[in-house]
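Notes follow once the structure below has been shown.
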Amino acid sequence: MTTEEVSQRLQDLVNKTGIAITQRCGQRLYGPPDGWPEPERGCEVFVGRLPRDLYEDELVPLMTSFAPIYQLRLIMDFSGSNKGFAFVTYTKRSDAIEAIFRLNNHEVRPNHRIGVTESVDNSRLFIGNLPLNMTRKQVMDEMSAKTSGVENVVVYYNSYESADGCEDREFKTRGFAFIEYRTHRDAAMARKCLLPGSKSGRVMLFGTKVTLDWAIPELKVNQLVMSKVTILFVRYLGCDVTEALIREFFSLRNVYNLNVQRVKRIKNYAFIHFETRFDAQLAFNYISHMDLCETPLGEKGQAIELMWAKPPKKCNYRDDCVTNKSLNPTAQPFHQYANHTNGLNS
Numbered sequence: 001m002t003t004e005e006v007s008q009r010l011q012d013l014v015n016k017t018g019i020a021i022t023q024r025c026g027q028r029l030y031g032p033p034d035g036w037p038e039p040e041r042g043c044e045v046f047v048g049r050l051p052r053d054l055y056e057d058e059l060v061p062l063m064t065s066f067a068p069i070y071q072l073r074l075i076m077d078f079s080g081s082n083k084g085f086a087f088v089t090y091t092k093r094s095d096a097i098e099a100i101f102r103l104n105n106h107e108v109r110p111n112h113r114i115g116v117t118e119s120v121d122n123s124r125l126f127i128g129n130l131p132l133n134m135t136r137k138q139v140m141d142e143m144s145a146k147t148s149g150v151e152n153v154v155v156y157y158n159s160y161e162s163a164d165g166c167e168d169r170e171f172k173t174r175g176f177a178f179i180e181y182r183t184h185r186d187a188a189m190a191r192k193c194l195l196p197g198s199k200s201g202r203v204m205l206f207g208t209k210v211t212l213d214w215a216i217p218e219l220k221v222n223q224l225v226m227s228k229v230t231i232l233f234v235r236y237l238g239c240d241v242t243e244a245l246i247r248e249f250f251s252l253r254n255v256y257n258l259n260v261q262r263v264k265r266i267k268n269y270a271f272i273h274f275e276t277r278f279d280a281q282l283a284f285n286y287i288s289h290m291d292l293c294e295t296p297l298g299e300k301g302q303a304i305e306l307m308w309a310k311p312p313k314k315c316n317y318r319d320d321c322v323t324n325k326s327l328n329p330t331a332q333p334f335h336q337y338a339n340h341t342n343g344l345n346s
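FYI, UniProt numbering numbers position 228 of the sequence shown as 228, with every residue one higher than the one before it.
In structure tokens form, the structure reads like this:
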């Protein structure tokens, strides 16, 4: 197929649907339609094993055969062929799940089957070689000033001892941090902005050369599994906070008198185990509205974070992947390539 024929087919698709096709950063974008709200996270699927000469004129009708799509991103090479994979964003998560169920292992051409799976929507960057005296607030301020879309910064601390052998009331970092962005695109643009042309992955930040790269994406957990969790996770605790104090605080004796089965503190974070999901939910709803740094758990204004603990890895993303045999017995398992987390990664 000549370049002119491809261009004509794409123009025919645009004329038929009224949705524009644009090219940006090595990918060709179909959509989004004007005025459509941006879908929530989890609505994107990865489409792999594409024939290199398959384009939007074939892919769009296939991906919209049962539900509308918000956007299709076909990853291109310099020759004008696709790189063998694309990302398709649906308007609802349920449609993305149905796309995996319907189209994984679909025969798109004679004897050529494509693979469809949930896209790993990584929105976290890793920064290493941080000065040990950097605080979480300093990292947050610096990254927010240099990049956009920063939602959170996760810094792990180690307590240290002063010269006289007494434990100091300060924490030193372990020399690394995770920067969480609002979207994968925000994280990708931040990485590109901070590493222009760098092949070593090192950049000047905080007055020193630090390592910057993608963090290993957090594994997604099925919402049904998360709805049964009875454990809360809290981090950035003060150095004098004991397990007994945490148990007393989370039991909310003067309000609900909840049954806390046990508490496990590790460095400056802890897991709080409740007897029932109901008790854990009451505690989460009540305590999440408090300024925890002003409670006995906090120290020196350090912001404390409270969240649901994630189950062990046996309940992770791969185990809950909707392409497993319980949903589609005829489909062959398909896992997107590790380095194809998203088309904006490069």
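Backbone N, C-alpha and C define an ideal beta-carbon position, used for all residues, glycine too.
Just so we're clear, the structure is a prediction, and the values are computed from it rather than from any experiment.
Mapping DSSP to helix, strand and coil, what is residue i?
i, result
"residue 315", "For residue 315, the pLDDT reaches just 42, beneath the cut-off of 50, and the residue's location in the model is therefore unreliable, although a value from the coordinates is still provided. Three-state DSSP puts residue 315 in a helix."
"residue 259", "coil"
"residue 278", "helix"
"residue 122", "coil"
"residue 247", "helix"
"residue 285", "helix"
"residue 63", "helix"
"residue 292", "helix"
"residue 38", "coil"
"residue 218", "coil"
"residue 175", "strand"
Determine the direct distance from the alpha carbon of residue j to that of residue i, and round the result to whole angstroms.
i, j, result
"residue 44", "residue 245", "43 Å"
"residue 66", "residue 95", "8 Å"
"residue 285", "residue 230", "13 Å"
"residue 64", "residue 84", "19 Å"
"residue 51", "residue 124", "31 Å"
"residue 26", "residue 55", "14 Å"
"residue 60", "residue 202", "39 Å"
"residue 72", "residue 1", "22 Å"
"residue 319", "residue 152", "For residue 319, the pLDDT reaches just 40, beneath the cut-off of 50, and the residue's location in the model is therefore unreliable, although a value from the coordinates is still provided. Computed Cα separation, rounded: 28 Å."
"residue 414", "residue 53", "Residue 414 lies beyond the stretch modelled for the chain, which goes from 1 to 346, so this question has no answer here."
"residue 306", "residue 137", "17 Å"
"residue 292", "residue 310", "21 Å"
"residue 110", "residue 31", "28 Å"
"residue 282", "residue 228", "14 Å"
"residue 239", "residue 157", "10 Å"
"residue 165", "residue 148", "The predicted model places residue 165 with a pLDDT of 43, which falls under 50 and marks its position as unreliable; any figure quoted below should be read in that light. Distance between the alpha carbons of residue 165 and residue 148 is about 43 Å."
"residue 113", "residue 177", "41 Å"
"residue 218", "residue 4", "43 Å"
"residue 208", "residue 131", "8 Å"
"residue 15", "residue 189", "31 Å"
"residue 347", "residue 262", "Given a span of 1 to 346 for the chain in the structure shown, any question on residue 347 remains unanswerable."
"residue 315", "residue 249", "Confidence in residue 315 is poor, its pLDDT being 42 and thus under 50, which makes the residue's placement unreliable; the coordinate value appears in the next sentence. Distance between the alpha carbons of residue 315 and residue 249 is about 29 Å."
Kindly indicate which residue of the options has the alpha-carbon position closest to the one of residue i.
i, options, result
"residue 8", "18, 57, 39", "57"
"residue 211", "152, 228, 191, 225", "191"
"residue 354", "18, 278, 263, 241", "Not covered by the structure: residue 354. The range shown for the chain is 1 to 346."
"residue 226", "280, 4, 188", "280"
"residue 127", "216, 76, 248, 29", "216"
"residue 118", "76, 248, 29, 86", "86"
"residue 214", "287, 187, 308", "187"
"residue 206", "135, 15, 24", "135"
"residue 175", "38, 103, 102, 133", "133"
"residue 182", "122, 142, 247, 254", "122"
"residue 312", "221, 47, 140", "221"
"residue 195", "224, 243, 242, 146", "146"
"residue 173", "16, 262, 139, 189", "139"
"residue 287", "308, 276, 275", "308"
So the alpha helix (DSSP H) residue i belongs to, where does it begin and stop?
i, result
"residue 28", "Looking at the DSSP string, residue 28 is not in any alpha helix (DSSP H); the run it does join, the beta strand (DSSP E), is 27-30."
"residue 95", "93-103"
"residue 141", "136-146"
"residue 16", "3-17"
"residue 186", "184-194"
"residue 225", "223-226"
Check for me: the beta strand (DSSP E) holding residue i runs from which residue to which?
i, result
"residue 202", "202-205"
"residue 213", "208-214"
"residue 114", "Taken as a continuous stretch (DSSP letters only), residue 114 belongs to no beta strand (DSSP E), as it is neither H nor E."
"residue 69", "69-76"
"residue 230", "From DSSP, residue 230 is part of no beta strand (DSSP E); its letter is neither H nor E."
"residue 21", "21-24"
"residue 86", "82-90"
"residue 109", "107-109"
"residue 298", "It is not in any beta strand (DSSP E) - residue 298 carries neither H nor E in the DSSP assignment."
"residue 47", "44-48"
"residue 54", "No beta strand (DSSP E) holds residue 54; DSSP gives it neither H nor E."
Are any of the Cβ atoms in chain B nearer than 8 Å to that of residue i?
i, result
"residue 78", "Going by chain labels, chain B is absent from the structure shown, which holds only one protein chain."
Say whether the stretch 82-91 touches the stretch 29-46, bearing in mind that this needs 3 or more beta-carbon pairs closer than 8 Å, one atom from each stretch.
yes
For the stretch 233-242 against the stretch 266-281, do three or more pairs of beta-carbon atoms, one drawn from each stretch, fall closer than 8 Å, so that the two count as touching?
yes
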